[in-house]
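Protein chains in written order, with my numbering: chain A, 1 to 121; chain B, 122 to 624.
Heads up, the beta-carbon is just placed ideally off N, CA and C, and yes, glycines get one too.
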Amino acid sequence: MKLFTYNLLSLRVGVGPHGFPLHLQATKVHINPEDFNPDSVAHMIPKVEWVAFLEVTNTLHLIKLPKGPIHGHERDEKFLRKMHILQETDVLEGILQRPRLSFNWSKLISVIQMHCAFSTS
Amino acid sequence: MSDVQEATNQLLDVNLHENQESIQVMESGPRSESEQFQVTIGATVPTGFEQTAADEVTEKLGSSCQISRDRGKIYFDISVESLAQVHCLRSVDNLFVVVQEFKDYQFKETKEEVLKDFEELAGKLPWSDPLKVWKINTSFKKKKTKRKKINQNSGKEKIDNGRGDKTDERDVKKAFTSNPLDSHILDYYENPAIKEEVSTLVGDDLASCKDETDESSKEETNPEVLKFRVTCNRAGEKHCFSSNEAARDFGGAVQEYFKWKADMTNFDVEVLLNIHDHEIVVGIALTEESLHRRNITHFGPTTLRSTVAYGMLRLCAPQPTDIIVDPMCGTGAIPIEGATEWSNCYHIAGDNNPLAVNRAANNISSLLSKSQIKEGRPSWGLPIDAVQWDICSLPLRTGSVDIIVTDMPFGKRMGSKKRNWNLYPACLREMSRVCRPGTGRAVLLTQDKKCFTKALSGMGHVWRKVHTVWVNIGGLHAAVYLLKRTPQAFVHPSEQDGERTLW
Numbered sequence: 001m002k003l004f005t006y007n008l009l010s011l012r013v014g015v016g017p018h019g020f021p022l023h024l025q026a027t028k029v030h031i032n033p034e035d036f037n038p039d040s041v042a043h044m045i046p047k048v049e050w051v052a053f054l055e056v057t058n059t060l061h062l063i064k065l066p067k068g069p070i071h072g073h074e075r076d077e078k079f080l081r082k083m084h085i086l087q088e089t090d091v092l093e094g095i096l097q098r099p100r101l102s103f104n105w106s107k108l109i110s111v112i113q114m115h116c117a118f119s120t121s
Numbered sequence: 122m123s124d125v126q127e128a129t130n131q132l133l134d135v136n137l138h139e140n141q142e143s144i145q146v147m148e149s150g151p152r153s154e155s156e157q158f159q160v161t162i163g164a165t166v167p168t169g170f171e172q173t174a175a176d177e178v179t180e181k182l183g184s185s186c187q188i189s190r191d192r193g194k195i196y197f198d199i200s201v202e203s204l205a206q207v208h209c210l211r212s213v214d215n216l217f218v219v220v221q222e223f224k225d226y227q228f229k230e231t232k233e234e235v236l237k238d239f240e241e242l243a244g245k246l247p248w249s250d251p252l253k254v255w256k257i258n259t260s261f262k263k264k265k266t267k268r269k270k271i272n273q274n275s276g277k278e279k280i281d282n283g284r285g286d287k288t289d290e291r292d293v294k295k296a297f298t299s300n301p302l303d304s305h306i307l308d309y310y311e312n313p314a315i316k317e318e319v320s321t322l323v324g325d326d327l328a329s330c331k332d333e334t335d336e337s338s339k340e341e342t343n344p345e346v347l348k349f350r351v352t353c354n355r356a357g358e359k360h361c362f363s364s365n366e367a368a369r370d371f372g373g374a375v376q377e378y379f380k381w382k383a384d385m386t387n388f389d390v391e392v393l394l395n396i397h398d399h400e401i402v403v404g405i406a407l408t409e410e411s412l413h414r415r416n417i418t419h420f421g422p423t424t425l426r427s428t429v430a431y432g433m434l435r436l437c438a439p440q441p442t443d444i445i446v447d448p449m450c451g452t453g454a455i456p457i458e459g460a461t462e463w464s465n466c467y468h469i470a471g472d473n474n475p476l477a478v479n480r481a482a483n484n485i486s487s488l489l490s491k492s493q494i495k496e497g498r499p500s501w502g503l504p505i506d507a508v509q510w511d512i513c514s515l516p517l518r519t520g521s522v523d524i525i526v527t528d529m530p531f532g533k534r535m536g537s538k539k540r541n542w543n544l545y546p547a548c549l550r551e552m553s554r555v556c557r558p559g560t561g562r563a564v565l566l567t568q569d570k571k572c573f574t575k576a577l578s579g580m581g582h583v584w585r586k587v588h589t590v591w592v593n594i595g596g597l598h599a600a601v602y603l604l605k606r607t608p609q610a611f612v613h614p615s616e617q618d619g620e621r622t623l624w
């Protein structure tokens, strides 16, 4: 599952539009080298859920990122290159778990199955 | 030198060259000027998507299209040099080169006279340029191994496979490679709703009945003479003849004219005789198997044609980095087509059925290996993921999805009409939540138009219907709805002072 896709996932709790990111425990991660396209990375940044993204990059021991998107990020090439991992990182094996919150979980989906479609060789 | 002589000589030259194992189609010298000519190409497209196909042709080939009254066909002119690019069109099921078009053919009164006219027609048509195009086109095709003689049963096998959950690739491939017309007759997704007769006969006495057990290349069995068949599509109320008869008599005359050998299964040239009311188009096929199942190796019970999937995606005009989700993906036909053609977008295929998600994942794997083989280097993955989820409660962030494209359960082969009454409103609601307000859009295919319209009527605050395309899916009159997500942010129904979207 692409890192970007993971960032889109969230579980809703109760009413309202807010949800919580799923906790990712990855056992196999692959970095696909892809051509760096600053425009396309810049477009993706507003779509990123930052808190979840920070957490997962820490968990996966990827690069260090600032606490939020930098103002004027479109022109900051160094920052964009860091964010390029969004497009390159692929979690090949792992488990998605519901976040550790004290709610009544019986109504929620417990685990979402992740299907990794590509061979690892 | 008469036209016949010239045409036949050219073809004999080709065969001789093929015998010498050189695929040199164009010799230098007097023939090189033939590379410059223009030719009219006809394409069959899913009915309802003629305009999207025309747009693709204009975008990729720079040609404008004529959309035929005979639904599901478009015509455009290209220079012969662009022929290879025509095969890259994604909205096209089959291609042919036009020999001649009669916009207003005058049929005589009696059957005998009409058929006699067809016989005489064969000798009067401008065959040589189209045959040159056919020759060039043949050189593009990969050398495929000879297929076993296909009988009617293979079509039935396909239907049985479709019903079960089998993913037996061999069976599927066999049906997949059955001659395009058999599939046309028996395939769920290609039965036209209009009254149409299709027949591939060249006449019992003319057709070859030998079982081709020898699978070696055709050059070895018949080095000198080309093999052909005639396929006649006839649609219209007032014809006094059948497509069988037309194919037989026209085919007989073609055989006389070229001295070709008639063969229903192992043919080199497929001559098309398309008759729609007073419009007749004679063509030569450029595609052997229908291109519409190109991406799918693992079929499910209701797999959508890739050409329809492409048409639906094109309708919503994906922009780079758009997030495109199919929340009821089935075998994944739509996201897979998306990942191939719009590789600068992110595609997510989801379904509540683990079997379906597995199939989608397998199809993605197949696609990946295919592209690895083709490009000769390991390609690093496609921008597509497959997830199992429940459409009524999608595990996606609110307002995070740019485009939703899906084939909704018709309630015929999948689900039920009764279930749709609850499912459709729940779907539309949840889709409106995840779809990005203002810029988001949805393209939804369904046959249950009544239920859909009712479900949509209560959602004017979040969805605005922009366009409807009427299509034909497996003989069912379906509709593709293009919806735009309004700028209004999603509000959970229970937050609206206890007001709920009721019927």
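Does the beta carbon of residue i sit closer than 9 Å to a beta carbon anywhere in chain A?
i, result
"Asp286(B)", "Any reading at Asp286(B) must be qualified, since the residue scores a pLDDT of 36, below 50, and its modelled position is unreliable; the value itself is stated next. Taking Cβ atoms only, chain A never reaches closer than 9 Å to Asp286(B), which makes this a no."
"Asp506(B)", "yes"
"Glu290(B)", "Only weak support exists for where Glu290(B) lies, its pLDDT of 35 falling under 50; the value from the coordinates is given anyway. Output row for Glu290(B): interface = no."
"Pro441(B)", "yes"
"Leu544(B)", "no"
"Thr560(B)", "no"
"Pro608(B)", "no"
"Pro516(B)", "yes"
"Asn465(B)", "yes"
"Ile444(B)", "yes"
"Ser249(B)", "no"
"Ile512(B)", "no"
"Thr352(B)", "no"
"Arg498(B)", "Unreliable positioning characterises Arg498(B) in this predicted model, as indicated by a pLDDT of 47, which lies under 50. The coordinate reading is nonetheless provided below. So, not an interface residue."
"Thr519(B)", "yes"
Give me, in chain order, the residues of the same chain whose beta-carbon lies closer than 6 Å to that of residue i; leave out the 5 immediate sequence neighbours on both sides.
i, result
"Glu222(B)", "Val402"
"Leu242(B)", "none"
"Thr165(B)", "Gly193, Lys194, Asp214, Asn215"
"Gly453(B)", "Ala470, Ala481, Asn484"
"Val91(A)", "Met1, Ala26, Val29"
"Glu409(B)", "none"
I'd like to know if residue i contacts chain B, where contact means its C-beta is closer than 9 Å to some C-beta of that chain.
i, result
"Glu49(A)", "yes"
"Lys67(A)", "no"
"Thr5(A)", "yes"
"Arg81(A)", "no"
"His84(A)", "no"
"Lys2(A)", "yes"
"His73(A)", "no"
"Leu8(A)", "yes"
"His61(A)", "no"
"Phe118(A)", "Confidence at Phe118(A) is low in this model, with a pLDDT of 31, below 50, so its placement is unreliable and no value can be given for it."
"Asp76(A)", "no"
"Leu11(A)", "yes"
Which residue's Cα is closest to the Cα of residue i: the options?
i, options, result
"Pro38(A)", "Glu171(B), Thr442(B), Ser249(B)", "Thr442(B)"
"Pro247(B)", "Glu230(B), Val219(B), Cys513(B), Gln227(B)", "Val219(B)"
"Gly163(B)", "Leu407(B), Pro530(B), Asn593(B)", "Leu407(B)"
"Thr168(B)", "Val446(B), Ser260(B), Gln227(B), Ala430(B)", "Ala430(B)"
"Gly19(A)", "Ile95(A), Asn7(A), Leu86(A)", "Asn7(A)"
"Gln568(B)", "Trp510(B), Gly579(B), Val587(B), Trp591(B)", "Trp591(B)"
"Phe36(A)", "Asn465(B), Asp191(B), Asp398(B)", "Asn465(B)"
"Leu685(B)", "Gly471(B), Cys437(B), Lys245(B), Phe379(B)", "Here chain B covers residues 122 to 624 and nothing more, so residue 685(B) does not appear."
"Leu204(B)", "Ile594(B), His588(B), Val160(B), Asp447(B)", "Val160(B)"
"Gln207(B)", "Ala374(B), Glu230(B), Ala174(B)", "Residue 207(B) is actually Val in this sequence, not Gln. Ranking the options by Cα distance to Val207(B), first place goes to Ala174(B)."
"Glu366(B)", "Gln376(B), Tyr378(B), Cys353(B), Val375(B)", "Cys353(B)"
"Ser427(B)", "Thr527(B), His397(B), Lys348(B)", "Thr527(B)"
"Gly244(B)", "Gly373(B), Val178(B), Lys181(B)", "Gly373(B)"
"Gly459(B)", "Leu434(B), Asp370(B), Trp542(B)", "Leu434(B)"
"Ile445(B)", "Ser490(B), Leu425(B), Ala507(B), Asn479(B)", "Ala507(B)"
"Ser40(A)", "Ile95(A), His84(A), Trp50(A)", "His84(A)"
Counting only the same chain and skipping the five closest in sequence on each side, list residues whose C-beta sits under 7 Å from that of residue i.
i, result
"Ile70(A)", "Asp76, Phe79"
Excluding five sequence neighbours on each side, which residues of the same chain lie with their C-beta closer than 8 Å to the C-beta of residue i?
i, result
"Pro475(B)", "Gln509"
4-residue-minimum alpha helix (DSSP H) runs that sit fully inside the region 213-269 of chain B, ordered along the chain = Taking 4 residues as the shortest admissible run, the region 213-269 of chain B contains the following complete alpha helix (DSSP H) segments, listed from N- to C-terminal end: 232-245, 249-261.
In chain order, each beta strand (DSSP E) run of at least 3 residues that lies wholly inside the region 335-397 of chain B = Fully enclosed beta strand (DSSP E) runs of 3 or longer: 348-356, 390-397.
Segments assigned beta strand (DSSP E), at least 3 residues, entirely inside the region 26-101 of chain A = Taking only runs of at least 3 residues, the beta strand (DSSP E) segments lying wholly in the region 26-101 of chain A are 89-97.
Proximal residues, the region 18-33 of chain A versus chain B, C-beta separation under 9 Å = Those residues of the region 18-33 of chain A that come within reach of chain B (Cβ to Cβ, closer than 9 Å) are His18, Gly19, Pro21, Leu22, His30, Asn32, Pro33.
Any chance you could list the beta strand (DSSP E) runs of at least 3 consecutive residues sitting entirely within the region 443-501 of chain B, in chain order?
-> If you keep only unbroken beta strand (DSSP E) runs of at least 3 residues inside the region 443-501 of chain B, you get 444-447, 467-472.
Segments assigned beta strand (DSSP E), at least 3 residues, entirely inside the region 522-571 of chain B = Counting whole runs of 3 or more residues, the region 522-571 of chain B contains the beta strand (DSSP E) stretches 524-528, 562-567.
What residues from the region 160-178 of chain B come within 8 Å of chain A, judged by C-beta to C-beta, listed N to C?
-> Taking 8 Å as the Cβ-Cβ cut-off against chain A, none of the residues of the region 160-178 of chain B qualify.
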